Amino acid sequence: MLGLLALAGGQPLSRAELIEALWGDRPPSSAVNVIQTYVKHLRRSLEPDRPARTRSAILPAVGDGYALRLAPDDVDVLRFRRLVTSAGLARRAGDPHRAAALLGEGLAMWQGAPLCDVAFLASHPKVVSLTGERHSALVRYGELMIATGAAADTVAALEEAAAAQPLDEAVTAVLIRAYLAVGQRSKAFARYHETRHRLADELGVDPGPDLSAAHAELLRDNGSPAVPGTDLAPAEATRSAPAQLPADVSEFTGRTGELTELDDLLAVGGDPTAPAITVISGTAGVGKTALAVRWSQRVRDRFPHGQLFVNLRGYDADQPLPVGDVLTRFLTALGVPSQDVPLDIDDRAARYRTEIASRRMLIVLDNAATVAQVRPLLPGTPACVVVVTSRDSLAGLVALHGARRIELDLLPLRDAVTLLRRLIGGKAAAEPEMTATLAEQCARLPLGLRVAAELAIARGMTLRGLVEGFADQRRRLDMLDLGPDQTAIRAVFARSCQHLPADAARAFRLLSLHPGAETDPCAAAALWRTNLDQTRRILDVLSRAHLIQRTGPDRYGMHDLLRAYANQESLAIDTGADRHAALTRLFDYFVAAAAAAVNVLAPDARQNRDRILRPDTPMPPLSDAAMARAWLDLERSTLVAISGYTAGHGWPKHTARLAAVLYRYLDGGHYTDALTVYTEAARAARQTGDHRAQAHALINLGSVYRLRGRYDVAVLHYRHALALHRRAGDPLGQARTLTNLGTVLARLGRHALAIRCQRLALDHFRQVGDQSGEARVLTNLGILEEDFGRYEAARVHHQRALHLYRVIGDRVCAAVTLSRSGLIDTRLGRLEPATGDHHLALVALRETGHRRGEAHVLANLGEHMRLLGRPEPAIPYYRQALDLFREIGHRYGEAAAHNGLGEALRAAGKPDDALTHHTLALTITVETSDWDEQARAHSGLATTHEFTGNRGKARQHWQQALTLYTALGAPGARAARASLTALDEPPETACQAG
């Protein structure tokens, strides 16, 4: 009631208005008496010395209602409005500095949402109106700060407001201009594209005038920071310049007219607001890629910020390259850390356009099948040139995006003969008629001509023999569906395979079934059911015949046209049972090899998985952690591809097994790939109705979102998984879900519910005898005790967990727990053993290659040094931890490392740097809703502002910290309250007391 009266700003509120606000349309029969009682208590509090039965001066009755009559500066709402009005007058009088100062003073009064402790009033019209007033003031304040050259001082407040209201175009537009003013152009572009995507998805609208104007300013800006020293110089100077073009094609012949057309791309301007796009279309094998690569290599120097190239595999029989994977590759090549690659594909596309917005780049998209495959990869600005190759004309790109088209026809006979002469040499020159006939038989397709030339050279065949062999078309098979005028290319491929030994021909056909882009001898041996000696011999035969090509040491790939041909041959020759058996062997091999590799890295992981049988085909050498991790890193893209293939083509159990065995590896930081693997596992489980497998996949998905700071999505996945596990009567699954759910709830400040979840999980784990799960819950309970400063109780939990981890052989968790326990020892004054514990843990984690665990221990080492009063040695530990957390995308860890680094920098006498890192921590935690680290960031900012003498900002941040610590029930509330009390004393009094 006091809040309602204060919001009224001295105006009376009738009894009916008060009743409606307090009880809505269901007031109690005693509502009038209750209001009178409230008034009596308020008067007693506001006017304790007022004689009984005298009229109240502060809370008088007005009609049948009441009014709060206080001096304007005694009610913060009235004072705030007075400051905003004065700022408006100063602005109109041409004094932007005074206007900004007045608005800053008014905004500093805000300590959170109005009446945030009276939840049911959040939607009251007066509360909503007041929030709108603050928002308008913040937008005007941001504009003034930018105009007066002080944009850096308002970025944090604007970021917080934009995170709270992501669809608000006005505040986002000002934030973009602030970023631009301090030279952070990449952030500005990222914010624009993120907001545009949200507007389209959630409201179905395009950006309005404010946001569009801010974007236009970005595009016009030359990239130089407006405020020297506030950022890293122009973004282009620090970003990587990828050079992904393949090597130029040997003996390239002809196509001079087409090369000239491509040159016109750089000479003739089209739409000044759109990228220049050219589609090179034509039949398979006609030389589209060769032309694109030849031209790209010729003009690469015209693109100083790099060249991107990708084979989209649009005509692969089963696995065109997913656009999400392409975007991930491009973003990584552009210098975006893997942890910053968005999980959502549309967000990835937006980030990609942001990264290349101010660069002049060449982008070659090879082997596209559809416009849909290309559209997300198109840049949004005219600085880039795009070349697309496709068997399709891609009319949509021409109609909707203004692309130019080059239709690539068969080589003219003269050029085809020239190419054969260059490839074959004197033999072709000696038999000009046979050479011309062979060129015609190969349909004047460059690919066919090259294969025919290889037959002539490698097999020692005469040109007459080749021509006579190609004249027999009995084995021409309808494999590529290219049309009657191009059947000669099939004869070329068929002729190549006729010269293969039977086992190599069969291997060539079966290799086309492999879902991955590359293979190695072990995978090929599983597919073919051969030993390693036989496998290597066959690979060598296929490589010499140019039917496969080496892509690295012991790695082989296949041209997509040859893959399509081989796949069609397999359909025609191999039985369905043979094909199914070959793929089953391949998938068995990858599941077993992945399990073996993960078992080497995390020996404890095997106890929570179904037993994986070792196949009778060769296995890779995985004798130590380094070899295991190297194999997993090398095969990760193949494992992801197999997850998608098995889920969609009838091997759902392999999908689930692969997801289960890869969990501990992917959990170390490969979150984008993890999202794909677990999504496919959930899809496969739904298809088979396996609720248990679906629930486990949902838990893993929840964990990915949790580690990336998407707690709302994580909670939804965990709750769904819990319901499925309960339906299936699976106590182990329930336990695993509950402990993960408890971790997220603790991050969101719901500690009582988090503890309940952890204790329920502990009961379930003990019921089924799962020591690994029991140890993890004990660790989580220890962390919760730490949050409340109960270090002795926390140490007991961690020591029990450490014992269990050592019993089951979990080196990763044992190392992290040893380090946590060591940090508690430091807090309790046991200093010597703590230092050794941290270093032992670090050695173990580096040996196993668990980057997330390593990052946690580095942060603990930094904290250990800081608590010992040695901030300078602490700083490099925190920086290493921060780099690792950023690399793997662990948002909570990143925020905690920023806060720790800020504390160490302040203690080392570097307050400006400390403010930067606490502000970055605050930005992350507002976005993720991490209350504990958010409170810590406010505390760090408050302490640092006190250190620099800025008592106003210190008070503002201490109040925010107090609100959060109070909501958490955490011990930090006491320190925040004490600091606020000290700040409220006059400086002289505080000095005397001090």
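Using this note's numbering, the first residue of the sequence shown is number 142, and each one after it goes up by one.
Cβ coordinates follow ideal geometry from the N, Cα and C atoms, glycine included.
A quick note: this is a predicted structure, and the numbers were derived from the prediction, not measured.
**OP:** Would you mind listing the alpha helix (DSSP H) stretches within the segment 815 to 896 that are 4+ residues and don't spill past its ends, in chain order?
**Re:** 832 to 848, 852 to 869, 872 to 888
**OP:** Go ahead and pull the three-state DSSP assignment for residue 421.
**Re:** Your numbering for residue 421 matches position 280 in the sequence shown. Note: residue 421 maps to strand in three-state DSSP.
**OP:** Compute the Euclidean distance between the alpha carbons of residue 1075 and residue 768, then round it to the nearest angstrom.
**Re:** Along the sequence shown, one-based indexing puts residue 1075 at 934. Along the sequence shown, one-based indexing puts residue 768 at 627. The straight-line gap from Cα to Cα measures roughly 40 Å.
**OP:** Quick one: give me the first and last residue of the beta strand (DSSP E) that residue 506 is part of.
**Re:** In the sequence shown, the residue the question calls residue 506 occupies position 365. Unbroken beta strand (DSSP E) run through residue 506: 503 to 509.
Original post:
Alpha carbon to alpha carbon, how far is residue 1053 from residue 1046?
Top reply: Stepping through the sequence shown from its first residue, residue 1053 is reached at position 912. Stepping through the sequence shown from its first residue, residue 1046 is reached at position 905. About 9 Å.
Original post:
Does the beta carbon of residue 156 come closer than 9 Å to any beta carbon on chain B?
Top reply: Judged by its chain identifiers, the structure shown contains no chain B, having just a single protein chain.
Original post:
Whose C-beta lies closer than 6 Å to the C-beta of residue 1015 among residues of the same chain, with five residues either side of it excluded?
Top reply: Stepping through the sequence shown from its first residue, residue 1015 is reached at position 874. The residues are 1003, 1006, 1007, 1045.
Original post:
Cβ atoms of residue 912 and residue 879: under 9 Å apart, would you say?
Top reply: The count along the sequence shown starts at 1 and reaches residue 879 at position 738. The count along the sequence shown starts at 1 and reaches residue 912 at position 771. Contact: no.
Original post:
Would you say residue 246 and residue 1067 are within 9 Å of each other, going by their C-beta atoms?
Top reply: Walking along the sequence shown from the start, residue 246 turns up at place 105. Walking along the sequence shown from the start, residue 1067 turns up at place 926. No, they are not a contact pair.
Original post:
Around the Cβ of residue 573, are there at least 16 other Cβ atoms within 10 angstroms (buried) or fewer (exposed)?
Top reply: Taking the sequence shown and counting its residues from 1, one reaches residue 573 at position 432. By the neighbour-count rule (16 or more Cβ atoms within 10 Å), residue 573 is not buried but exposed.
Subject >> For residue 529, the residue or residues it bridges with in DSSP >> reply: Position 388 of the sequence shown, counted from the start, is the residue given in the question as residue 529. The partner list for residue 529 (beta bridge, DSSP) reads 420, 506.
Subject >> Under 9 Å between C-beta atoms of residue 337 and residue 359 >> reply: Within the sequence shown, residue 337 is the residue found at index 196, counting from 1. Within the sequence shown, residue 359 is the residue found at index 218, counting from 1. No.
**OP:** Kindly list the residues whose CB is nearer than 6 Å to the CB of residue 160, restricted to its own chain and excluding five residues on each side of it in sequence; keep chain order.
**Re:** Within the sequence shown, residue 160 is the residue found at index 19, counting from 1. Hits under 6 Å: 168, 172.
Original post:
Is it true that the segment 781 to 789 meets the segment 675 to 688, where meeting means three or more beta-carbon pairs spaced less than 8 Å apart?
Top reply: Using a Cβ-Cβ distance cut-off of 8 Å, the segment 781 to 789 and the segment 675 to 688 are not in contact, since fewer than three pairs of beta carbons, one from each stretch, lie closer than that value.
Original post:
From what residue to what residue does the alpha helix (DSSP H) around residue 514 run?
Top reply: Sequence index remark: in the sequence shown, residue 514 carries index 373 (1-based). That run of the alpha helix (DSSP H) goes 512 to 515.
Subject >> Touching by the beta-carbon criterion (3+ pairs, under 8 Å), the segment 1114 to 1123 and the segment 1092 to 1106 >> reply: Segments in contact, yes.
**OP:** Take residue 578 and list the residues in its own chain whose beta-carbon comes closer than 8 Å to its own, dropping the five residues that flank it on each side.
**Re:** Start at 1 with the first residue of the sequence shown, and residue 578 comes out as number 437. Excluding positions up to five away in sequence, the list reads 608.
Original post:
Which one or two residues does DSSP pair with residue 660 in a beta bridge?
Top reply: As a working mapping, residue 660 is identified with position 519 in the sequence shown. Answer by DSSP bridge pairing, in chain order: 697.
Original post:
Considering residue 451, what are the terminal residues of the alpha helix (DSSP H) in which it resides?
Top reply: Here residue 451 is taken as the residue at index 310 of the sequence shown, counted from 1. No alpha helix (DSSP H) holds residue 451; the beta strand (DSSP E) holding it covers 448 to 452.
**OP:** Report buried or exposed for residue 269, applying the criterion of at least 16 other Cβ atoms within 10 angstroms of its Cβ.
**Re:** Locating residue 269 in the sequence shown gives position 128, where the first residue counts as 1. Residue 269 comes out exposed.
**OP:** Identify, in the order they occur along the chain, each residue of the same chain with its Cβ nearer than 8 Å to the Cβ of residue 909, setting aside the five sequence neighbours on each side.
**Re:** Taking the first residue of the sequence shown as 1, we reach residue 909 at position 768. Excluding residues within five positions, the ones whose Cβ falls inside 8 Å are 872, 873, 876.
Original post:
How long is the line joining the alpha carbons of residue 353 and residue 314, rounded to whole angstroms?
Top reply: Translated into positions along the sequence shown, residue 353 becomes position 212. Translated into positions along the sequence shown, residue 314 becomes position 173. Roughly 8 Å separates the two Cα atoms.
Original post:
If we call anything under 9 Å between Cβ atoms a contact, is residue 503 one with residue 443?
Top reply: Within the sequence shown, numbered from 1, the residue matching residue 503 stands at position 362. Within the sequence shown, numbered from 1, the residue matching residue 443 stands at position 302. Taking 9 Å as the Cβ cut-off, residue 503 and residue 443 qualify as a contacting pair.
**OP:** Compute the Euclidean distance between the alpha carbons of residue 272 and residue 771, then round it to the nearest angstrom.
**Re:** Position 131 of the sequence shown holds residue 272. Position 630 of the sequence shown holds residue 771. If you take the alpha carbons of residue 272 and residue 771, they lie about 54 Å apart.
Subject >> Nonlocal neighbours in the same chain, by C-beta distance under 6 Å from residue 622, ignoring five residues either side >> reply: Counted from its first residue, the sequence shown places residue 622 at position 481. Residue placement at residue 622 is flagged as unreliable, the pLDDT there being 31, under the threshold of 50; the coordinate-derived value follows with that caveat. No residues qualify anywhere along the chain.
**OP:** Throw me the rounded Cβ distance for the residue 997 and residue 965 pair, which I believe falls under 8 Å.
**Re:** Within the sequence shown, residue 997 is the residue found at index 856, counting from 1. Within the sequence shown, residue 965 is the residue found at index 824, counting from 1. 14 Å between Cβ atoms; not a contact.
Original post:
Just reading off the alpha helix (DSSP H) that residue 492 is part of, what are its end residues?
Top reply: Translated into positions along the sequence shown, residue 492 becomes position 351. That run of the alpha helix (DSSP H) goes 486 to 497.
Subject >> Option nearest residue 422 by Cα separation, candidates 531, 406, 494, 440 >> reply: Looking up residue 422 in the sequence shown gives position 281. Of 531, 406, 494, 440, the smallest CA-CA separation from residue 422 is found for 531.
Original post:
Just the Cα atoms here: how many angstroms apart are residue 480 and residue 284?
Top reply: For this step, residue 480 is matched to residue 339 along the sequence shown. For this step, residue 284 is matched to residue 143 along the sequence shown. Whole-angstrom Cα-Cα distance: 33 Å.
Subject >> Residues near residue 1196 by beta carbon distance below 7 Å, same chain, minus five either side >> reply: Summary: the structure shown does not reach residue 1196, with the chain confined to residues 142 through 1135, and so no result is reported for it.
Subject >> Exposure of residue 181, with buried meaning 16 or more beta-carbon neighbours within 10 Å >> reply: Walking along the sequence shown from the start, residue 181 turns up at place 40. Residue 181 is exposed by the Cβ-count criterion.
Original post:
Nearest CA to the CA of residue 1027: which residue from 888, 521, 992?
Top reply: The residue you call residue 1027 lines up with position 886 of the sequence shown. Nearest of 888, 521, 992 to residue 1027, Cα basis: 992.
Subject >> Buried or exposed by the 16-neighbour rule on C-beta atoms within 10 Å, applied to residue 995 >> reply: Indexing the sequence shown from 1 puts residue 995 at position 854. By the neighbour-count rule (16 or more Cβ atoms within 10 Å), residue 995 is buried.
Subject >> Option nearest residue 440 by Cα separation, candidates 401, 470, 468, 849 >> reply: Within the sequence shown, residue 440 is the residue found at index 299, counting from 1. With distances taken between Cα atoms, residue 440 lies closest to 401.
**OP:** Going by DSSP, name the residue or residues bridged to residue 384.
**Re:** As a first step, residue 384 is located in the sequence shown; it is residue number 243 there, counting from the start. Answer by DSSP bridge pairing, in chain order: 448.
Subject >> Selected residue, minimal CA-CA separation from residue 341, among 263, 307, 316, 355 >> reply: Within the sequence shown, the letter at position 200 stands for residue 341. Closest option to residue 341, Cα to Cα, is 307.
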